[in-house]
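Input: a single structure, listed below in structure tokens.
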Amino acid sequence: MAYALIHVLDPARAAQYAALVEQHKLAATPARTQDEALFHARRLGPAALLLIEVRSDADGFALLHRLRRARQTCPALVISGSWELRNEALRLRKQLGIAEVLAASQPLLTVEKAVARALEPARRKAPAEEQPFPPAPAKKAQPEKQPEPAKQPRVLDEMLAQAARSLRASMAMLWLDDGSEGTLHGHFGWDKDLVPMVGTEEEWAPFRHLAESAPVDVRRCADDKVLARSPLVISGTVGSFAGAPVVDRNGRGAGVLWVAQKHAEGLVPDVLHPLTVWAQHIGSRLDDFADAAVRSIARPAKSREPRLRPTALDVGHALGELFAGLETGFLLTDGADRIALSNQAMIRHLGLRNRKLSGLMRARVIERLRLHSALDGRTAAKLLEPAGEPLRLEVAINVGGDRILRWETRLLSVQQEVCRVDEVADLTAESQERKSIAKLVRVDALTLLGNRHSFDEMLAKEISRVHRTGSTLSLAIFRIDERERLRAGVADVVLRDVAWLIADITRGYDHAARLDHDSVAVILPGAPAQAAFRFATRIVEETAEVWIRNVPRVTLSGGIAEFDRAEDVSVLLTRARAAVLEAAACGGNGVI
Numbered sequence: 356m357a358y359a360l361i362h363v364l365d366p367a368r369a370a371q372y373a374a375l376v377e378q379h380k381l382a383a384t385p386a387r388t389q390d391e392a393l394f395h396a397r398r399l400g401p402a403a404l405l406l407i408e409v410r411s412d413a414d415g416f417a418l419l420h421r422l423r424r425a426r427q428t429c430p431a432l433v434i435s436g437s438w439e440l441r442n443e444a445l446r447l448r449k450q451l452g453i454a455e456v457l458a459a460s461q462p463l464l465t466v467e468k469a470v471a472r473a474l475e476p477a478r479r480k481a482p483a484e485e486q487p488f489p490p491a492p493a494k495k496a497q498p499e500k501q502p503e504p505a506k507q508p509r510v511l512d513e514m515l516a517q518a519a520r521s522l523r524a525s526m527a528m529l530w531l532d533d534g535s536e537g538t539l540h541g542h543f544g545w546d547k548d549l550v551p552m553v554g555t556e557e558e559w560a561p562f563r564h565l566a567e568s569a570p571v572d573v574r575r576c577a578d579d580k581v582l583a584r585s586p587l588v589i590s591g592t593v594g595s596f597a598g599a600p601v602v603d604r605n606g607r608g609a610g611v612l613w614v615a616q617k618h619a620e621g622l623v624p625d626v627l628h629p630l631t632v633w634a635q636h637i638g639s640r641l642d643d644f645a646d647a648a649v650r651s652i653a654r655p656a657k658s659r660e661p662r663l664r665p666t667a668l669d670v671g672h673a674l675g676e677l678f679a680g681l682e683t684g685f686l687l688t689d690g691a692d693r694i695a696l697s698n699q700a701m702i703r704h705l706g707l708r709n710r711k712l713s714g715l716m717r718a719r720v721i722e723r724l725r726l727h728s729a730l731d732g733r734t735a736a737k738l739l740e741p742a743g744e745p746l747r748l749e750v751a752i753n754v755g756g757d758r759i760l761r762w763e764t765r766l767l768s769v770q771q772e773v774c775r776v777d778e779v780a781d782l783t784a785e786s787q788e789r790k791s792i793a794k795l796v797r798v799d800a801l802t803l804l805g806n807r808h809s810f811d812e813m814l815a816k817e818i819s820r821v822h823r824t825g826s827t828l829s830l831a832i833f834r835i836d837e838r839e840r841l842r843a844g845v846a847d848v849v850l851r852d853v854a855w856l857i858a859d860i861t862r863g864y865d866h867a868a869r870l871d872h873d874s875v876a877v878i879l880p881g882a883p884a885q886a887a888f889r890f891a892t893r894i895v896e897e898t899a900e901v902w903i904r905n906v907p908r909v910t911l912s913g914g915i916a917e918f919d920r921a922e923d924v925s926v927l928l929t930r931a932r933a934a935v936l937e938a939a940a941c942g943g944n945g946v947i
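Letter by letter, the sequence shown follows residues 356 to 947 in my numbering.
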């Protein structure tokens, strides 16, 4: 089913916009962050409409740029409460494919009309059927007027687009030798202003080298020893490829032309003959539209650097004042472990008042802190270990009150002598702020679902409602199968993507939360066991079908439990967890 991607930070307004697009028979897919929006765009494919809110504290234009690079070419509606951002959206209208720009204060009726206008099918004439060969020149051709340099790239793009259409290829690439690194041009079937290039020059280099000396046709790139290692083949961007060298009018090699398709065996049979003719045609016209551009790239104009005036500032005095005014404490110890240099911040952080540290032994200072109970013995022992690998600790120190310090120590070569540098920063305020936020937060930072505290509160409220109204309640828990085979960073990415998928499928009054490090729970008010089973089965099946680039495919084990008013809340959780373990023991990718 076609869908509309909605990135609006206010949940209430996002729900209103979702209701609007559903009136046009589109599935509404809300996304709270840019990464979540990109996840749904890759999972669901091309959207029918983008509804993006742009705010001064979140760069929505960056999201639009990323969506266009992800091949989302549908119309976009931009909503903003700032007139400066709306003006910027109007300036970027053509570049980002923005259909309309709306004020956040506009009534819903205005937004609804804008959605209807954006979804109105564009009336385009069908392109005329093209021949697989370039057009033959007229017998009495008049000398062509050389195009202006500013129009040269557009002429080249049009020729590549014509070659791609005539050869029935989704991609056409041209590399021109400019005497240095060369220039790469490409056509990928959409507006080049929105998505200028797929892949990098380094990723396309193996394809260019393969066709540089003679025409070549590779029907299955995954079976080729050289191309199979290319990221473009591994990601599924290129499945088949054909290329031919480009030769100029003087018979010198000038570049390579190639076409590609996403699927293996995707190019038309006998593609080499018309492709070679296209390469000859482009080579014969290099003097008309490419040579001047190539020469300008090969020999860029020299820029004259301005002469710099020497400063009248006393650099040594300025460095001394800068060192003394830093909030981070510094301690420089020579090879004999004697303190050679320290600043005022170090003395303040260690609670040494105005005592001068220069000339004292570093070990004596640390031992004094330990004897006065300012520093615990284990931390002091680590700081007194012989210098080696860099050390970074969070140190609890009691000097005029409990404080948290970040203490880093490392080696530094100064005037051919190996010295030790200690850096100490005060993290007390930051630590207290983290603790305060932890007590108030209800959202898991990784998945953006509710955290365990939020889950417990919501479950208590819903169970109270069940006892009060006599309705039903079910609990579904999902766990990633074989999570231990995933690396730590990859496991977090997989859990985040699974959470986003669950959030997209759940109803507005369901409550999804991260239960622990590898499982997500969903509270389903008013759902009996049969409805909860259907819901959990849909989650498991859609997760098994999702494949995102650079993220391994995973499956889920799901367990459901319907609340019994005669039992305790902990029993409900225990039954749901036991069902998850039973589903995993049966091989996973299922619901019990």
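The beta-carbon is built from N, C-alpha and C at its ideal position, and this holds for glycine as well.
For a cut-off of 8 Å, the C-beta gap from Ala425 to Leu393 is around 6 Å, short enough to register as a contact. Taking all protein chains in view, the Cβ of Ala882 is crowded by 16 or more other Cβ atoms within 10 Å, so the residue is classified as buried.
DSSP places Phe685 in the uninterrupted beta strand (DSSP E) bounded by Gly684 to Thr688. Beyond the five residues adjoining it in sequence on each side, Thr802 comes within less than 6 Å, by CB distance, of Arg851, Ala854 and Arg869 in the same chain, given in chain order. Residues Val909, Thr910, Leu911, Ser912, Ala939, Gly943 and Asn944 of the same chain have their beta carbon placed closer than 8 Å to that of Asp836, with the five preceding and five following residues left out of the count. By the neighbour-count criterion, in which a residue is buried when 16 or more other Cβ atoms sit within 10 angstroms of its Cβ, Pro401 is exposed. Looking at the DSSP output, Arg575 shares a beta bridge with no other residue. Bridge pairing for Tyr358: Ala382 [DSSP]. Proximity of the segment 761–777 to the segment 819–834 falls short of the contact definition, fewer than three beta-carbon pairs being nearer than 8 Å.
Beta bridge pairing from DSSP links Met526 with Ala615. Inter-segment contact for the segment 626–635 and the segment 592–609 is present: three or more beta-carbon pairs are separated by less than 8 Å. DSSP places Ile947 outside both helix and strand once states are collapsed to three, so it counts as coil. In this structure, Glu897 lies near Ile860, with their beta-carbon atoms less than 9 Å apart. Under the three-pair Cβ rule at 8 Å, the segment 684–691 counts as touching the segment 773–785. Closest option to Arg604, judged by alpha-carbon separation, among Ala619, Leu760, Leu804 and Ile637: Ile637.
In this chain, the beta strand (DSSP E) harbouring His542 covers Thr538 to His542. One thing to note: Ala386 has its Cβ within 9 Å of the Cβ of His395.
Leaving aside the five residues that flank Leu515 on each side, the residues in its chain whose CB is nearer than 8 Å to its CB run, in chain order, Ala527, Met528, Leu529, His540, Gly541 and His542. Here DSSP, grouped into helix, strand and coil, assigns Glu922 to coil. Scanning Lys737, Gly743, Glu817 and Leu760 for the CA closest to the CA of Leu705 turns up Leu760. In the three-state scheme derived from DSSP, where H, G and I count as helix and E and B as strand, Ser585 is classed as coil.
Counting the other CB atoms within 10 Å of its CB gives Cys576 a total of 16 or more, which places it among the buried residues.
Rounded to the nearest angstrom, the gap between the Cα atoms of Val895 and Ala934 is 14 Å. The beta carbon of Glu556 sits closer than 6 Å to the beta carbons of Leu539 from its chain, once the five residues preceding and following it are set aside; these are given in chain order. For Asn753, the beta-bridge partners assigned by DSSP are Asp757. Shown here, Trp762 sits in a strand according to DSSP, grouped into three states. With at least 16 other beta carbons inside 10 angstroms of its own, Trp559 counts as buried. By the CB criterion at 9 Å, Ala471 and Leu406 fall outside the cutoff.
His727 sits in coil when the DSSP states are folded into three classes, being neither helix nor strand. Under the three-state reduction of DSSP output, Pro561 falls in the helix class.
Assigned with DSSP and collapsed to three states, Val776 falls in strand. Between Ala431 and Leu451, the CB-CB gap stays under 9 Å. Here Leu445 has Val456 as same chain residues with Cβ atoms under 7 Å from its own Cβ, once five neighbours each way along the sequence are excluded. Boundaries of the alpha helix (DSSP H) around Leu463: Leu463 to Leu474.
Between the alpha carbons of Val877 and Asp512 lies a distance of about 51 Å.
Under the three-state reduction of DSSP, Gly914 is assigned to strand.
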